[in-house]
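Student:
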Amino acid sequence: MAEYTPREDLYNGYVRNQKNGGYDGKVTDIILLHKIIGLNAVVIQKSFVEKKEVKIKDGEPEMTLFEFRDRKISRIFEYFMAKKGILFGVVFCTKTGIHPLTIFVT
Numbered sequence: 001m002a003e004y005t006p007r008e009d010l011y012n013g014y015v016r017n018q019k020n021g022g023y024d025g026k027v028t029d030i031i032l033l034h035k036i037i038g039l040n041a042v043v044i045q046k047s048f049v050e051k052k053e054v055k056i057k058d059g060e061p062e063m064t065l066f067e068f069r070d071r072k073i074s075r076i077f078e079y080f081m082a083k084k085g086i087l088f089g090v091v092f093c094t095k096t097g098i099h100p101l102t103i104f105v106t
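So the sequence shown is residues 1 to 106, counted in the UniProt record's numbering.
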């Protein structure tokens, strides 16, 4: 059986984030900086374009890994820098839900 997050769980997560102020209009666009395409995976580096006071600025680069099984997304890994030397990540679309990751970078 394929691993996936049910559509209803994704929808409920978006609704929860919106109620918590997650979608307040500060992000105006997404810039795709780099991509690496593999046999069953794609890695992208992206940056959110954000409203900061009266200016529009590019946010910090983030990395996302998409894994595919049977031509469908089976897993999504989101990576972002929290502090210098610490790379945090979140895994989506697994059978058991959302899992945090912490990777220490030297």
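Backbone N, C-alpha and C fix where the C-beta goes; we use that ideal spot for every residue, glycine too.
These numbers come from a predicted model, not from an experiment.
Beta carbon of Ile51, beta carbon of Lys26: below 8 angstroms?
Tutor: Locating residue 51 in the sequence shown gives position 51, counting from the first residue. Locating residue 26 in the sequence shown gives position 26, counting from the first residue. Note on identity: in this sequence residue 51 is Lys, with Ile being the wrong assignment. If you check the CB distance, Lys51 and Lys26 come in under 8 angstroms.
Student: Tell me which residue opens and which closes the alpha helix (DSSP H) that Arg7 is part of.
Tutor: Sequence index remark: in the sequence shown, residue 7 carries index 7 (1-based). Unbroken alpha helix (DSSP H) run through Arg7: 7 to 19.
Student: Taking the continuous beta strand (DSSP E) assigned at Asp70, which residues delimit it?
Tutor: Here residue 70 refers to the residue found at position 70 of the sequence shown. No beta strand (DSSP E) contains Asp70, which DSSP labels as neither H nor E.
Student: Note down the Cα distance separating Val49 from Arg71, rounded to an integer number of angstroms.
Tutor: Here residue 49 refers to the residue found at position 49 when the sequence shown is read from its first residue. Here residue 71 refers to the residue found at position 71 when the sequence shown is read from its first residue. So the two alpha carbons sit approximately 30 angstroms from each other.
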